[in-house]
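Novice: Residue numbers (the numbering used here), protein chains in the order written: chain A, 1 to 396; chain B, 1001 to 1063.
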Ligand SMILES: Cc1cc2nc3c(=O)[nH]c(=O)nc-3n(C[C@H](O)[C@H](O)[C@H](O)COP(=O)(O)OP(=O)(O)OC[C@H]3O[C@@H](n4cnc5c(N)ncnc54)[C@H](O)[C@@H]3O)c2cc1C
Ligand code: SF4
Ligand code: SF4
């Protein structure tokens, strides 16, 4: 039998958001236990492995062997494959590294462990424990054996599946138009350019895009996200991706060496991410950027705030929804405005025809943007195709 | 009461890649993924077919 456990802070899920939360709670003096249902943190890798880099030092992450390569920029391809290049000079923090995501996740877990966090693998939360309406831990299974973990503060960092919060009664449900279904192959022997992360827009990936993130030496992550509401038939994500590859000789000649999938939320921020005894963080709190689909940075940024507030609540003996407003307000102050704007932009973009996408990218040919933002892009497009930007007036 | 349609998740590994996409979008939160085992609550499921669309590889069938 597995003995029941008691801790100050229980973190469910050892992804980037969980490890960051755990680390910062421990650094602020809380006793922290982090459980992970997989047997190996970070594996299998369900990620394109692209991330920006400017935020890393703010949350105390130092460069390590998890960096695969540094790119110079990103290239956005319109349906007729006109290219808009975003380079480091004007995108600044938006471009950065292609990483080894398994190494990255492991490094963050190691940092957490070194800060005093106990990490337990092969342990899955199966429901939450509630007393007088307050979450006081979870029921879990370890190597198939049920047991209980009691905690002053429970953190739902269980990723896209986002079940712990829902078991606690916090709605994290998303509509079909607010999710992309994703599939990715790691391919070898492809003609990609190691200087760029590439994005292909339009009907090749309805409501999403095809990405090619280089891994060096002819290796690349080639993936797709398709908006679930635009899925017509079973396995559409795979069918679209296979079709794209078929039509690109530089990739059609490549060989697939692994395949991963997953869900990405492209929703507006949730109304509520805290409850009595519980806080949600990362993908579990639907913090992915709805325009780019990137979620690593936001999960880590919110994780630091979440961990600090969790420790404070433990010291003060007030793990209440009211106290957790500090986290609710804190993460929103940093992330909410951009999440919301990008969600609005996404809502528009998914309606654009291939012709319009072509015009947008065409209008950006040769334009030098000082800083990459939806606003600046629209200004540039407005000069050449004012009719295109009409729909986007709210952003101008 | 009319009997519910049949929902089948091909979870032996022939199709399912254990990605969790269906879990996160199921509006009733009735699918559960354990590394390489996927189950759903027959009684709770309303056969809304959202998971069928969300699955990137077509491992879920309703009929
Ligand atoms: C195909 C794909 C490509 C992507 N590409 C990128 C990209 O290039 N760049 C980017 O920034 N983002 C990308 N994302 C998004 C990114 O992967 C997520 O935003 C990121 O992983 C979020 O981190 P997290 O810690 O919130 O969740 P996760 O990394 O998902 O971690 C959650 C952890 O919780 C565990 N868990 C779940 N349920 C339980 C339970 N009941 N009990 C115990 N443990 C549990 C899981 O096993 C997992 O380890 C991609 C997503 C997908 C699906
Ligand atoms: S059919 Fe609907 S309710 Fe049933 S498992 Fe799929 S998403 Fe959930
Ligand atoms: S979405 Fe499909 S492949 Fe992914 S876990 Fe569910 S059934 Fe398996």
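Each residue gets a CB set at the ideal place from its N, CA and C atoms; glycine is no exception.
Keep in mind the model is a prediction, meaning the values are calculated, not measured.
Skipping 5 residues on each side, what residues in its chain have a beta carbon closer than 6 Å to that of residue 112/A?
Specialist: These residues qualify, in order along the chain: 19, 22 and 23.
Novice: In chain order, what residues of the segment 1032 to 1049 of chain B put their CB closer than 9 Å to some CB of chain A?
Specialist: If the cut-off is 9 Å between Cβ atoms, the segment 1032 to 1049 of chain B has 1032, 1033, 1034 and 1035 near chain A.
Novice: Straight-line CA distance for residue 304/A to residue 82/A?
Specialist: Spanning the two alpha carbons is a distance of roughly 40 Å.
Novice: Enumerate in chain order the residues of its own chain whose CB-to-CB distance from residue 244/A is below 6 Å, with the five nearest sequence positions on each side excluded.
Specialist: So the list reads 204 and 210, once near-sequence residues are dropped.
Novice: When you check each C-beta in the segment 180 to 191 of chain A against every C-beta of chain B, which residues fall closer than 7 Å?
Specialist: Hits within the stretch, in order: 181, 182 and 183.
Novice: Along chain B, which residues have their Cβ under 7 Å away from the Cβ of residue 237/A?
Specialist: Correct list: 1056.
Novice: Is there at least one Cβ from chain A nearer than 8 Å to residue 1019/B's Cβ?
Specialist: Cβ-Cβ to chain A under 8 Å: yes for residue 1019/B.
Novice: Can you tell me where the beta strand (DSSP E) with residue 182/A in it begins and where it stops?
Specialist: Per DSSP, residue 182/A belongs to the beta strand (DSSP E) from 179 to 188.
Novice: Quick check on DSSP: helix, strand or coil for residue 258/A?
Specialist: Reduced to three states, the DSSP call for residue 258/A is strand.
Novice: Here's the rule: buried if 16 or more other CB atoms are within 10 angstroms of the residue's CB, otherwise exposed. What is residue 101/A?
Specialist: By the neighbour-count rule (16 or more Cβ atoms within 10 Å), residue 101/A is buried.
Novice: Cβ atoms of residue 9/A and residue 155/A: under 8 Å apart, would you say?
Specialist: The answer is yes: Cβ separation under 8 Å.
Novice: Please confirm if residue 1024/B has its CB atom under 8 Å from at least one CB of chain A.
Specialist: Chain A, which has a Cβ nearer than 8 Å to the Cβ of residue 1024/B, makes this yes.
Novice: Residues bridged to residue 367/A by DSSP?
Specialist: In the DSSP output, where bridge partners are listed per residue, residue 367/A has none listed.
Novice: Helix, strand or coil for residue 142/A, going by three-state DSSP, please let me know.
Specialist: Residue 142/A falls in the strand class under three-state DSSP.
Novice: Looking at ligand 1, does it come within less than 7 Å of residue 288/A, judged from the CB to the closest heavy atom?
Specialist: Under cutoff, so the answer is yes.
Novice: With a threshold of 8 Å between beta carbons, is residue 1005/B in contact with chain A?
Specialist: For residue 1005/B, the answer is no, since every Cβ of chain A falls outside 8 Å of its Cβ.
Novice: Can you list the residues of chain B that residue 161/A reaches, using a CB-CB cut of under 7 Å?
Specialist: 1020, 1023, 1024 and 1033, listed in chain order.
Novice: When you measure from the CB of residue 1033/B to every non-hydrogen atom of ligand 3, does any distance come out below 7 Å?
Specialist: Checking the Cβ of residue 1033/B against ligand 3 gives yes.
Novice: Classify residue 287/A as helix, strand or coil using the three-state DSSP reduction.
Specialist: DSSP places residue 287/A in coil when its eight states are reduced to three.
Novice: Short of 6 Å in beta carbon distance, which residues of its chain neighbour residue 7/A, apart from the five on each side in sequence? Order them along the chain.
Specialist: These residues qualify, in order along the chain: 31, 33 and 151.
Novice: Residue 132/A: which of 322/A, 180/A, 276/A and 291/A sits nearest, CA to CA?
Specialist: Checking every option, the nearest Cα to that of residue 132/A belongs to 276/A.
Novice: Within 8 Å (strictly less), CB to CB, does residue 366/A reach chain B?
Specialist: Not an interface residue.
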